[in-house]
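Worksheet for the structure shown next.
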Amino acid sequence: VGCTSTKSGSDDAAGDGKTKIGLVTKTDSNPYFVALREAAKAQADKNGAELVALAGKFDGDNDGQVAAIENLVQQGAKTILVTPNNSTGILGAIKKARDKGVLVIALDTETDPQDAVDATIATDNTEAGRLQGQYVKAALNGQPARSILLDGTPGSTVSEQRHAGYVESAQPEDLGTEATNGEQNKAQQATENLLQRATTVNSVYTINEPAARGAYVALKAKNLADKVVIGSIDGSCDGVTAVKNGEIAVTVMQFPKKMAEQGVDFAVEFAKSGKKPSGFVKTDTAVVTDKPIAGIDSKDTAWGLENCWG
Amino acid sequence: MTPVLEARGLVKRYGRVTAMDGADFELESGEVLAVVGDNGAGKSTLIKALSGAVIPDEGEILVDGERVRFHGPLDSRKHGIETVYQDLALAPALDIATNLFLGRERRRRDPLGTVFRRLDTKGMRREARRVLDELGIDVKSMSQLVETLSGGQRQAVAVARAAAFGSRVVIMDEPTAALGVQESGKVLELIGRIRDRGLPVVLISHNMPHVFEIADRVHVHRLGRRVAVVSPKTHSMNAVVGLLTGALRMADDGSIEEVDLTTGLSR
Amino acid sequence: MTPVLEARGLVKRYGRVTAMDGADFELESGEVLAVVGDNGAGKSTLIKALSGAVIPDEGEILVDGERVRFHGPLDSRKHGIETVYQDLALAPALDIATNLFLGRERRRRDPLGTVFRRLDTKGMRREARRVLDELGIDVKSMSQLVETLSGGQRQAVAVARAAAFGSRVVIMDEPTAALGVQESGKVLELIGRIRDRGLPVVLISHNMPHVFEIADRVHVHRLGRRVAVVSPKTHSMNAVVGLLTGALRMADDGSIEEVDLTTGLSR
Amino acid sequence: MTTRVSPSEYILRTPAIGPAIALVVAVVVFGLTTDTFLNVDNLSLVVQQSLVIGTLALGQTLVILTAGIDLANASIAVFSTLLIAKLAMTGTDGVVALLVGILAAGAIGCVTGGLVTGLRLPPFIVTLGMLTIVTAVSRIYAQGQSFPVTDGTLGWLGTTQYLFGQIEVTYGMAVMLAMFLGLWYALSRTAWGKHVYAVGNDPESARLSGIHVRRTVLSVYLVAGLIYGIAAWQALGRVPNADPNAFQLGNLDSITAVVIGGTSLFGGRGSVLGTLVGALIVAVLRSGLTQAGIDNLYQDVATGVLVIAAVAVDRFSRGRQR
Amino acid sequence: MTTRVSPSEYILRTPAIGPAIALVVAVVVFGLTTDTFLNVDNLSLVVQQSLVIGTLALGQTLVILTAGIDLANASIAVFSTLLIAKLAMTGTDGVVALLVGILAAGAIGCVTGGLVTGLRLPPFIVTLGMLTIVTAVSRIYAQGQSFPVTDGTLGWLGTTQYLFGQIEVTYGMAVMLAMFLGLWYALSRTAWGKHVYAVGNDPESARLSGIHVRRTVLSVYLVAGLIYGIAAWQALGRVPNADPNAFQLGNLDSITAVVIGGTSLFGGRGSVLGTLVGALIVAVLRSGLTQAGIDNLYQDVATGVLVIAAVAVDRFSRGRQR
Ligand SMILES: Nc1ncnc2c1ncn2[C@@H]1O[C@H](COP(=O)(O)OP(=O)(O)OP(=O)(O)O)[C@@H](O)[C@H]1O
Ligand SMILES: Nc1ncnc2c1ncn2[C@@H]1O[C@H](COP(=O)(O)OP(=O)(O)OP(=O)(O)O)[C@@H](O)[C@H]1O
Ligand SMILES: [Mg+2]
Ligand SMILES: [Mg+2]
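Chains as they are written, first to last, in my numbering: chain G, 172 to 481; chain C, 8 to 274; chain Z, 8 to 274; chain D, 325 to 646; chain R, 325 to 646.
Printed below as a string of structure tokens:
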């Protein structure tokens with residue numbers, strides 16, 4: 172099946188039936204994945220391909236991702252771009268898809284082993300956490316970091332990796348860790364409660380920018396916003412704006428659009444020539460702040476607003 | 008004289024069961040009409056159709072000679088027909104006074120009532136106490152929940168409600184079934200008083216002595232239809248029992264004859 | 008002779024309401040004992056205590072002279088006491104046969120039954136048909152759901168169940184309340200037959216003619232306690248009605264005297 | 325023989341007494357075990373944190389009293405926040421945007437009610453469907469963005485004031501109190517309230533008693549919808565940012581508050597006072613456990629246990645009656 | 325006058341007929357509008373995709389028949405997968421690990437049942453508490469990791485075979501079928517089943533009829549727990565990886581399947597056959613909409629609408645009776 176479909180790819184693109192590309196994200200609610208999806212759609216349109224976007228229903232919905240991959244294969248997708256929930260959960264479905272000649276590319280998160288997919292385009296989340304910690308530590312001018320840590324969904328890989336990266340580089344005293352599911356409301360509530368006893372706080376680690384904004388609202392209500400360094404990760408336009416407004420000190424930008432575009436390009440190329448990409452394409456991270464610190468490579472918010480997503 | 012409430016050829020089927028099979032019904036003004044019949048004869052179904060609680064498959068219902076269509080119990084209420092259902096239709100978790108006035112609560116006359124639609128709770132409790140006392144039912148408090156009442160006390164609440172609000176017809180489906188000797192007597196008295204107010208009453212009962220004590224006419228129901236209407240003055244209890252069991256039959260000329268044995272067994 | 012079932016000084020309070028206030032009770036073997044009393048007198052509460060459905064606050068219950076403690080209806084059942092409750096205790100969404108055998112289903116005798124615990128559905132339906140026919144109740148099919156039955160039909164199912172399974176005492180709380188003339192007659196006949204089997208029967212009823220037709224002794228209940236036990240042979244219906252309304256009183260020597268008017272009004 | 329009810333009986337019959345005991349117990353325990361819980365600031369925060377779920381739970385109470393359940397309430401409120409914020413962003417006047425948002429929530433409530441009454445579908449499944457639909461529509465509408473709110477009216481409920489120069493209160497608390505009083509009055513002092521209880525207690529009896537069962541149920545979903553709209557306003561007061569991903573567990577949280585508050589899921593029994601207490605209990609648990617320095621996951625374990633315990637306390641405090 | 329039931333009446337009284345019609349309609353519509361839906365491979369996939377939720381829904385059906393509800397079922401299954409996978413990873417024999425996992429699920433079911441019957445707490449709140457607790461415990465136990473499963477026994481249910489060289493079937497399907505038949509038999513042909521229905525229909529009547537109400541309810545939660553354990557096994561067959569975050573919506577999804585299948589949330593009415601059909605309907609919708617090339621968010625909207633429609637079809641197909 173694989174060969175024939177490869178061959179007929181270019182005909183499809185020209186005729187009625189466009190090349191079908193499947194995209195399976197972790198969820199369809201997280202702004203990050205929405206940005207990724209929209210970018211992939213735009214890129215597919217530009218290349219005259221059809222993109223069908225599916226997703227799990229929540230972080231960790233392996234079963235939903237497996238079903239999505241199965242259904243895309245049934246529907247005749249030539250390429251499937253997938254951001255796996257975790258590195259091993261959906262390998263079975265990926266293997267079945269590849270056995271049928273479908274090109275499978277992992278986006279954002281690697282699989283274990285890496286060669287379970289044809290190619291991987293991803294960021295390093297531990298590194299992102301590390302960068303956040305590095306900046307926060309430096310911004311504290313030699314004070315030891317005393318942090319509130321706002322995590323994502325308990326137990327999610329991304330949440331664990333970013334957290335670990337931050338702890339490694341900032342070496343904070345942990346004044347309280349709360350799960351926020353990356354939601355502003357929960358982050359605000361958690362910070363409010365923690366501030367009742369964490370009176371010595373001087374820094375906040377956040378899993379993403381909504382959580383950072385929640386922390387900011389809670390700190391501001393206690394008139395602590397100026398005294399506390401809030402760090403974050405993601406690089407959405409809202410987040411960069413918050414950095415520009417001085418609400419957040421720093422954010423570590425990721426580039427979902429680039430991942431998506433690259434992935435779609437591979438898919439289009441595969442449909443045209445049957446050439447499968449391989450290996451690991453690492454996308455960048457960039458520290459965005461308006462208060463650069465010597466020794467830390469960073470961009471300002473003007474650059475950030477040009478390159479942000481969402 | 009046109010009957011106050013009339014029905015012609017009512018049919019109601021539940022799957023294979025035909026609960027009413029061409030039932031006729033006539034209620035004259037100012038009378039107490041007893042409806043008697045075996046268990047499962049279709050009496051409750053008949054009066055449910057008359058009160059809008061069941062929508063018949065066929066047949067027509069007339070109020071004061073005019074054809075009506077009841078889509079629910081509210082429609083019959085609007086025509087002044089008030090019903091005590093066999094299973095009472097009370098809300099167990101609400102108190103007695105609330106149940107009594109359910110669906111026609113009284114508001115206070117002061118601005119609180121007219122503007123803020125506040126209920127006249129005290130007034131309703133007082134009134135509830137009055138109508139229950141009239142029935143001689145001994146209940147501690149009008150704010151007692153119905154689910155804590157004894158079977159007979161509950162029935163009394165349902166009867167009191169119908170008696171208090173009926174303006175054209177009052178229908179009672181076995182109102183004394185769970186009542187004691189004294190209380191039954193009070194209900195019969197009450198029925199008499201309702202008739203004296205000029206309202207006709209339909210009384211379903213299995214208690215022949217009661218029926219013969221109060222009824223002006225007796226409608227005999229059997230196998231889903233009316234088989235006879237007799238007067239307690241001219242007919243004996245035994246004749247009525249015979250009619251409702253099918254041992255006797257009313258001929259077209261109104262005379263009563265024995266059903267011959269072979270036909271009787273054919274069922 | 009020790010009574011088959013006896014109770015002494017039962018008390019049951021519900022908040023401010025005292026439903027039983029030191030009630031005594033005695034049932035001799037082989038008799039039909041009628042329990043009569045006004046609505047709310049506490050009759051149902053008494054028999055619920057006797058059948059384990061209600062746990063009294065005070066007092067004791069004896070079976071064949073031995074003190075027992077019932078923690079639930081199952082305990083009394085194990086002593087062979089079978090009860091028809093006033094609100095019937097049927098599961099409306101289940102069919103007649105299932106209700107009849109609820110809690111003591113019959114399994115098939117073949118390996119399917121012994122190993123796979125398969126029910127003998129056909130056998131139970133056949134048996135259900137038999138006991139209902141005995142009561143002369145006309146029901147189409149034993150697989151009809153109880154919620155589709157008429158009030159009387161339901162009551163018949165509950166009565167049939169108690170009659171079929173009682174092995175020491177059968178208690179019936181107003182078993183004929185919703186029944187027609189014929190069907191009531193059948194139930195009275197059935198009670199007679201149960202007595203002939205040697206089982207004593209407790210019959211709660213508001214229907215004095217029924218009580219006087221069948222009862223060997225009459226237990227009169229008033230305001231939560233027993234006020235008299237009389238024999239229908241020596242006392243008149245009026246005397247019993249007087250006793251239960253409080254117009255008459257039984258003196259300690261067993262004679263009946265009028266309650267003087269001032270006391271009568273004090274309540 | 326009087327129609328007065330004795331004080332002790334009144335207390336026993338008030339369905340909120342069990343939850344109230346549970347609340348007091350929780351407050352006392354956290355007060356004793358932590359030094360920060362019982363300070364005025366923190367107590368004020370707890371109340372503020374209970375506002376959104378509390379408001380959602382008020383609407384939920386109405387629905388549950390009719391033997392229904394509303395799984396879509398939080399998603400409706402979230403949709404409403406998005407509508408309000410997006411309108412305000414595109415220049416619509418704050419008050420107008422707010423009204424549109426609240427009315428939209430009412431309209432969605434009406435649709436739900438219409439499906440429940442018109443087609444006689446089980447509320448669980450209708451609101452589950454609505455949950456899926458409204459959530460998806462919110463996400464489509466937001467296109468992966470969230471919308472900060474700057475208009476004063478929209479964030480007004482979050483404005484703090486100081487009573488006696490000490491106690492931090494917000495307008496949101498006042499709105500909550502007003503809504504609670506209004507609902508309490510409507511449920512216990514008007515015919516509509518009696519009908520709501522009757523319909524939930526025994527719909528067939530209510531029908532035979534001549535109550536417009538469908539109309540009553542429909543009105544309940546409409547009112548509940550409007551309340552969810554106000555919950556959206558409360559949410560914007562708390563977090564001046566409309567996010568399609570907010571309050572994903574708001575439905576279960578609000579049901580928890582209602583049930584802890586002693587309202588029966590089978591309908592016809594319960595009170596808004598209980599719900600208020602229930603919402604506070606949940607907020608107290610979350611805050612108190614944080615003050616006690618308990619880790620997130622262990623907090624979850626404790627919350628689960630305590631929620632069950634709170635209902636058990638309620639059960640036993642009323643058990644004496646049976 | 326016979327005790328036989330006529331065929332047409334039998335069909336009307338079979339509660340699964342409405343859902344079955346909805347299922348057929350859905351299959352026909354997707355068959356006509358897409359070219360890929362009706363092929364054998366795809367249909368087999370749809371069945372495979374319904375296995376986990378279907379199994380959870382079988383247990384859920386039991387609980388709902390007793391007028392309960394189980395919000396913790398999926399979290400119990402997830403905990404069970406973690407237990408099994410972690411045990412197997414540390415060298416325990418696959419079969420033993422599996423047994424431990426299933427028994428643990430049964431034990432948790434027992435605790436739930438004990439709380440419901442022993443303390444007479446509402447199942448909604450008990451299982452909501454259990455959901456919070458079990459989820460947190462799973463996460464604590466997993467410590468942020470997920471566990472791939474390599475042992476053959478554990479993934480065995482996902483093994484595919486070909487019938488007639490064409491139709492792809494898995495052992496999971498066979499286990500599902502066996503479980504369904506077992507439950508159908510137990511519910512409709514044994515005394516236990518009658519008691520389950522009676523208890524759900526009217527607990528007070530059941531008590532007065534001499535049924536051990538508490539024992540029956542407890543046994544239901546126990547059996548349901550064991551079934552959730554088997555659902556864990558099914559899950560490992562589908563996704564050979566135990567993840568503490570999986571199946572977060574499994575509780576609502578399984579309730580949806582049960583309700584679409586025509587079982588009443590008020591207890592005492594329903595069937596496992598309906599549940600099976602209900603689970604298939606949900607899987608058919610998801611798959612069919614994907615085949616039709618509809619994006620996720622719009623799929624959600626469509627699923628919401630269609631779930632409501634499926635229940636409406638059920639209601640109307642039975643409406644004739646009233
Ligand atoms: N909802 C229903 N579904 C199916 N059958 C029904 C339904 N309601 C009533 N029936 C049947 O219709 C017949 C007539 O019932 P109905 O209640 O009218 O009898 P009735 O004369 O009032 O009897 P009773 O004196 O026992 O109250 C009965 O055989 C009953 O089983
Ligand atoms: N669960 C309860 N809660 C509160 N009060 C109750 C409860 N059950 C019964 N009562 C009260 O106890 C008293 C006795 O009730 P019971 O049902 O025993 O009377 P009864 O003699 O059977 O009357 P009837 O002939 O009307 O059936 C009544 O006043 C009733 O209101
Ligand atoms: Mg009747
Ligand atoms: Mg009684």
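We put the CB at the ideal spot given by N, CA and C, even for glycine.
Quick caveat, the model's predicted, so the values are computed rather than measured.
- When only Cα atoms are considered, A246(Z) and Q93(Z) end up about 26 Å apart.
- Within the same chain, V18, K19 and R20 come within 8 Å of D64(C) by CB-CB distance, once the 5 residues on both sides are set aside.
- The beta carbons of V188(Z) and V248(C) sit closer together than 7 Å.
- Inclusion of A633(R) and S374(R) in the CB contact set at 7 Å is not warranted, their separation being larger than that value.
- In the three-state DSSP reduction, N373(G) falls in the coil class, being neither helix nor strand.
- No Cβ of chain R is located within less than 7 Å of the beta carbon of L613(D).
- Out of F441(G), M430(G), P284(G) and V205(G), the CA that lies nearest to the CA of P472(R) is found in P284(G).
- For F32(Z), the enclosing beta strand (DSSP E) has its first and last residue at V24 to L34.
- Within the chosen limit of 6 Å, ligand 2 does not reach the beta carbon of N106(C) with any heavy atom.
- The beta carbon of G418(R) sits closer than 8 Å to those of A412, D475, G476, T477 and L478, all from its chain and outside the five residues before and after it, given in chain order.
- Taking CB atoms only, T360(D) has a neighbour in chain G less than 7 Å away.
- Within the region 10-26 of chain C, those residues whose Cβ lies closer than 9 Å to any Cβ of chain Z are, in chain order, Y21, G22, R23, V24 and A26.
- Using a cutoff of 6 Å, the CB of V205(G) does not count as near ligand 2, since none of the ligand's heavy atoms is closer than that.
- Contact note: I388(R) does not reach chain Z at a C-beta cutoff of 7 Å; the least C-beta distance is about 14 Å.
- Each of S588(R), G598(R) and M500(R) was checked against the Cα of Q372(R), and the nearest Cα belongs to M500(R).
- The closest heavy atom of ligand 2 lies 6 Å or more from the beta carbon of N214(C).
- Only residues of its own chain outside the window of five on either side were considered, and among them F204, A226, G227, D230, T254 and N256 have a CB closer than 7 Å to the CB of K197(G), listed in chain order.
- Ranked by Cα distance from L320(G), the options A220(G), D289(G) and E344(G) are led by E344(G).
- In this structure, R232(Z) sits away from H226(Z), with a CB-CB distance that is not shorter than 7 Å.
- Proximity of the beta carbon of S51(Z) to ligand 4 is indicated: a heavy atom of the ligand is located closer than 6 Å.
- The beta carbon of V234(C) does not come within 7 Å of any beta carbon belonging to chain Z, so the residue lies off that interface.
- Within 6 Å of the C-beta of V24(Z) there is at least one heavy atom belonging to ligand 2.
- Within the region 195-273 of chain G, the runs of beta strand (DSSP E) that reach at least 3 residues and sit entirely inside it are, in chain order, 221-226 and 250-253.
- T599(D) does not reach chain C, its nearest Cβ partner there being about 17 Å away, counting only Cβ pairs nearer than 7 Å.
- Of the heavy atoms belonging to ligand 3, at least one sits nearer than 6 Å to the Cβ of Q93(C).
- Counting only runs of 3+ residues, no beta strand (DSSP E) is found wholly inside the region 498-544 of chain R.
- As for any alpha helix (DSSP H) of minimum length 4 sitting wholly inside the region 342-408 of chain R, the runs are 364-389, ordered along the chain.
- The C-alpha of V223(G) is placed about 15 Å away from the C-alpha of L274(G).
- With its beta carbon less than 7 Å from one in chain C, E190(Z) belongs to the interface.
- In the DSSP assignment, E73(C) is bridged to V70(C).
- Straight-line spacing of the CA atoms in G482(R) and E492(R) works out to 11 Å.
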